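Novice:
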Amino acid sequence: MPLTLGLGLLAAIWVAPVAMWLGSAFAGHMLRHMVLVALAAPLLVLGWPAMGRALALGPLAAAALEFIVIWSWHLPRAHGLAYRSDAGFVAEQASFLIAGLLVWSGCLRAAHPLAGAGGLLLTSMHMTLLGALLILAPRDLYAAWCGLMPDLGGQQIGGMLMLGIGTPVYLVAGLLLTARAVKEREAAA
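This note's numbering puts the first residue of the sequence shown at 1338, with every later residue one more than the last.
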């Protein structure tokens, strides 16, 4: 069931006209981004255990790699490349999905649940920071690089989507892993 749902989310988010629905290219980008890394990726890892085992890195290494991928693609020039070029868009989307698969595989399959929780909580923190920066920026950071009119409201909606989807998903998963670690320690005592 999780695998089917994860694949369905991937198909829907890549086919659906999300920018049109949200009235903003950047908000559409962010909804697609968050579905890839915070919703579809964990479902794919849970639904396809062999893939999860094959991709499992150490939780902190996976979280660091994911941090680099996410923040790199949110630099204005890189975001503009993904917006203006089909090859850039495919590279961005593929790297988001791979980074999401790596972080969820590493954290959910960690030998020690607290290590996995740490990776997810760090991911929650950097996603929260990026979302807040997008919301609080005094101007549109991306329009000039994308060849669009400034759309600060769309950027702010994108930041809210990042906060509203990413922060709770990573935080709740990290807290669940923490609870599992506590229960394991209590059972061992």
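Here a beta-carbon is modelled for each residue, glycine too, at the ideal position from N, C-alpha and C. All values reported here derive from a predicted model rather than from experimental measurement.
By the 10 Å Cβ neighbour count, where 16 or more other Cβ atoms means buried, how is His1449 classified, buried or exposed?
Specialist: Within the sequence shown, residue 1449 is the residue found at index 112, counting from 1. His1449 comes out exposed.
Novice: Note down the Cα distance separating Val1374 from Gly1484, rounded to an integer number of angstroms.
Specialist: Reading the sequence shown from its first residue, position 37 is the one you call residue 1374. Reading the sequence shown from its first residue, position 147 is the one you call residue 1484. If I take the Cα positions, the gap works out to 26 Å.
Novice: Alpha carbon to alpha carbon, how far is Ala1436 from Leu1394?
Specialist: Position 99 of the sequence shown holds residue 1436. Position 57 of the sequence shown holds residue 1394. Looking at the two C-alpha atoms, the distance is approximately 11 Å.
Novice: Classify Trp1408 as buried or exposed, calling it buried when 16 or more other Cβ atoms lie within 10 Å of its own Cβ.
Specialist: Residue numbering aside, residue 1408 sits at position 71 when the sequence shown is read from its first letter. Exposed, since its Cβ has fewer than 16 Cβ neighbours within 10 Å.
Novice: Taking DSSP as the reference, what is the three-state secondary structure of Asp1488?
Specialist: On the sequence shown, residue 1488 is found 151 positions in, with the first residue counted as 1. Here DSSP, grouped into helix, strand and coil, assigns Asp1488 to coil.
Novice: Does the region 1504-1523 come into contact with the region 1455-1466, if we say contact requires no fewer than three beta-carbon pairs (one atom in each stretch) closer than 8 Å?
Specialist: Between the region 1504-1523 and the region 1455-1466, the count of C-beta pairs closer than 8 Å reaches three or more; the two stretches touch.
Novice: Is the region 1478-1492 in contact with the region 1414-1429, if contact means three or more CB pairs nearer than 8 Å?
Specialist: yes
Novice: For the alpha helix (DSSP H) containing Ser1409, name the first residue and the last one.
Specialist: On the sequence shown, position 72 is the one that residue 1409 refers to. Residues 1396-1410.
Novice: What does the Cβ neighbour count give for Gly1490, buried or exposed, with the cut at 16 atoms within 10 Å?
Specialist: The residue given as residue 1490 occupies position 153 in the sequence shown. Classification of Gly1490: exposed, given that the 10 Å Cβ count is below 16.
Novice: Could you tell me the distance, in whole angstroms, from the CA atom of Arg1446 to the CA atom of Gly1453?
Specialist: Looking up residue 1446 in the sequence shown gives position 109. Looking up residue 1453 in the sequence shown gives position 116. Distance between the alpha carbons of Arg1446 and Gly1453 is about 7 Å.
Novice: So does the region 1462-1472 actually touch the region 1339-1350, counting three or more Cβ pairs closer than 8 Å?
Specialist: No, they do not touch.
Novice: Here's the rule: buried if 16 or more other CB atoms are within 10 angstroms of the residue's CB, otherwise exposed. What is Thr1341?
Specialist: Taking the first residue of the sequence shown as position 1, residue 1341 is located at position 4. Thr1341 should be labelled exposed.
Novice: What separation, rounded to the nearest whole angstrom, lies between the Cα atoms of Val1519 and Leu1471?
Specialist: On the sequence shown, position 182 is the one that residue 1519 refers to. On the sequence shown, position 134 is the one that residue 1471 refers to. Approximately 36 Å, taken between the alpha carbons.
Novice: Determine the closest residue to Ala1401 out of Trp1351, Gly1343, Trp1441, with distance taken between C-alpha atoms.
Specialist: Within the sequence shown, the letter at position 64 stands for residue 1401. Residue Trp1441 is the option with its Cα nearest to Ala1401.
Novice: Which term fits Leu1498, buried or exposed, when burial requires 16 or more other beta carbons within 10 angstroms of its beta carbon?
Specialist: Counting from one through the sequence shown, the residue named residue 1498 turns up at place 161. By the 10 Å Cβ count, Leu1498 comes out buried.
Novice: Of all the options Trp1358, Leu1434, Ser1461, Gly1495, which has the alpha carbon lying nearest to the alpha carbon of Leu1380?
Specialist: Position 43 of the sequence shown, counted from the start, is the residue given in the question as residue 1380. The shortest Cα separation from Leu1380 among Trp1358, Leu1434, Ser1461, Gly1495 belongs to Leu1434.
Novice: Using CA atoms only, rank isn't needed, just tell me which of Leu1438, Ala1391, Val1355 is closest to Gly1343.
Specialist: Here residue 1343 refers to the residue found at position 6 when the sequence shown is read from its first residue. With distances taken between Cα atoms, Gly1343 lies closest to Leu1438.
Novice: Which runs of the beta strand (DSSP E) spanning at least 3 residues fall entirely within the region 1408-1448, listed in chain order?
Specialist: none
Novice: Rounded to whole angstroms, what's the CA-CA distance from Leu1473 to Arg1369? Just pull it up for me.
Specialist: Position 136 of the sequence shown holds residue 1473. Position 32 of the sequence shown holds residue 1369. So the alpha carbons of these two residues sit roughly 21 Å apart.
Novice: Pick helix, strand or coil for Leu1478, following the three-state DSSP scheme.
Specialist: Here residue 1478 refers to the residue found at position 141 of the sequence shown. Correct three-state label for Leu1478: coil.
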